[in-house]
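Some notes on the structure that comes next.
Right under this line is the structure:
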């Protein structure tokens, strides 16, 4: 099954305590599509301006991402900029995420039609006014989605089903160069794995999809922009999956 | 093997956004000894004042905690007070933990003799001046301890060996009533499990010990003070261990 990714395609300026880069390929759809492309065919839908580099269309082609739905219009490509604090986990976003507040009625109407809602911890708290992410996750499920995944940045992710629960750490990294797009990469990897590998989704498939999402996100933050997602191999992905599994297992036979 | 627990025994005043209680049994040694007592005999060493309730000595006896090393002296028992922010994870400690700064030379001399050092995330960052906990954990290992466990509060814990690594989430709880003592309970449960169940420690044993520590800590925070640790059963502990394992497993056969 192919995956349809609709969202922002941007040129980013990112500043961390040690580096600053501009005009990087960014936007949630760019990250999600790149991550998903390792598991399934992807159709990308978005808008770019006349200043958007043609080379990125070539990149999408190389990753078998169908960019027929990417419209080029007169004017500038959407620009996003972000600045990270010393711990690389607190972000000052220079644009705002207001979708929960400003279009709540539309959101509420949509939720019962959603199979899997992926959102981050602050969004989950905002939606439910709960501080406990466990309460938040269960509360959002009751608003309609069959499954809810809450991303916790460097602390991993939580997955809620009707009677099921999965807690997934983040793959441990010594050096994080740029956390931009990690959440979108996680979502893209998760959706891509499901689209490419699963016919009828079970909770076990969702666990595995969440782990692949985490693995892709761990590669993403190892370099600026989505550089690391341009030339990853399935062997690298699968090797990290196995290492990650071993690191998270409660009971492992001694070797 | 019995476990020797040396540390503070206190009467606590704890304030959360919804509750405040005073004169609660507290102190790191009280929590650690109570948690460890579910797995191994415990010898408790500490000092209390003339105002310390005799009933707590009876409690220790009931949990087979040998309190012969608890000295009662004239004057008041050590008082600790803490106040928690809305998320119950940020604490304003009204006493200070300065051991890393003020006695660093002694600490450095001790570390090579330590088998397992358990400390929290901010202490690990303070000791190494690293923001990455992965770097911090590996760095501390190089200072001497054979194994290092870093507690991350509601985000779980990390375990570092020479070539081994384990990432453990926190058991998910909807309601946390009082996080006081969770870290000491974790350490006591971990050390108690090792003392009571293991002859020659392997990394697999340490994983299991860390999980039991997390399980005990999850019970601890369900009630104020160490109320929940007074009357826990091994069946409750083992049941939660199994649930926790299932929630954390990467690959589970569908039932």
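Chains as they are written, first to last, in the numbering used here: chain E, 816 to 1070; chain W, 816 to 1070. We put the beta carbon where it would ideally sit given N, CA and C, even for glycine.
Look at residue 1004 (chain W): its C-beta is not under 8 angstroms from any C-beta on chain E. The alpha-carbon of residue 994 (chain W) is positioned some 15 angstroms away from that of residue 850 (chain W). Measuring C-alpha to C-alpha distances from residue 1054 (chain W) to each of W:827, W:989, W:1033 and W:1020 identifies W:1033 as the nearest. Of W:864, W:998, W:1066 and W:943, the smallest CA-CA separation from residue 967 (chain W) is found for W:998. In the assembly as shown, residue 1043 (chain W) is a buried residue. Its beta-carbon has 16 or more other beta-carbons within 10 Å.
Annotation: residue 1045 (chain W) to residue 1039 (chain W) spans about 12 angstroms, alpha carbon to alpha carbon. For residue 1062 (chain W), the number of other beta carbons within 10 angstroms of its own is at least 16, and it is reported as buried.
Within the region 1009-1040 of chain W, 1017, 1018, 1019, 1022, 1023 and 1026 place their CB atoms closer than 8 angstroms to a CB of chain E, listed in sequence order.
Its Cα nearest to that of residue 1007 (chain W), the residue W:1025 stands out among W:1018, W:1025, W:927 and W:842. The beta carbon of residue 882 (chain E) does not come within 8 angstroms of any beta carbon belonging to chain W, so the residue lies off that interface.
In the displayed model, residue 986 (chain E) falls within coil according to three-state DSSP, outside both helix and strand. For residue 991 (chain E), there is no enclosing alpha helix (DSSP H), as DSSP gives it neither H nor E. Judged by DSSP secondary structure, residue 874 (chain E) falls outside any beta strand (DSSP E) and instead within the alpha helix (DSSP H) spanning 869-877. Near chain W, meaning a CB-to-CB distance below 9 angstroms, the residues of the region 981-999 of chain E are 981, 982, 983, 984, 985, 986, 987, 988, 989, 990 and 991. Comparing C-alpha distances from residue 827 (chain E) to each of E:833, E:1016, E:840 and E:817 shows the shortest one belongs to E:840.
When the alpha-carbon of residue 971 (chain W) is set against those of W:950, W:955, W:857 and W:935, the nearest one is in W:935. Only exposed fits residue 833 (chain E), as fewer than 16 other CB atoms lie within 10 angstroms of its CB. Here the C-alpha atom of residue 990 (chain E) lies approximately 14 angstroms from the C-alpha atom of residue 899 (chain E). With respect to the 8 angstroms criterion, residue 843 (chain E) and residue 880 (chain E) are not classified as neighbours on the basis of their beta carbons.
Residue contact check for residue 949 (chain E) against chain W: a CB pair falls below 8 angstroms. Rounded to the nearest whole angstrom, the CA to CA distance from residue 836 (chain E) to residue 892 (chain W) is 57 angstroms. Separation of residue 925 (chain E) and residue 955 (chain E) (C-alpha to C-alpha, rounded to the nearest whole angstrom) is 12 angstroms.
Short of 6 angstroms from the beta carbon of residue 1014 (chain E), and not among the five residues preceding or following it, lies no beta carbon of its own chain. Residue 971 (chain E) has a beta carbon lying within less than 8 angstroms of a beta carbon in chain W. For residue 817 (chain W), the closest alpha carbon among the candidates W:1019, W:1004, W:928 and W:1051 is that of W:1004. Interface annotation, residue 834 (chain W): not in contact with chain E, CB-CB separation never under 8 angstroms. Sorting W:973, W:1065, W:1023 and W:1066 by C-alpha distance to the C-alpha of residue 1052 (chain W) places W:1023 at the top. For residue 1030 (chain W), the enclosing alpha helix (DSSP H) has its first and last residue at 1018-1035. Neighbourhood of residue 1063 (chain E) in chain W, by CB distance below 7 angstroms: 982, 1063 and 1065, in chain order. Taken through DSSP and simplified to helix, strand or coil, residue 1056 (chain E) comes out as helix.
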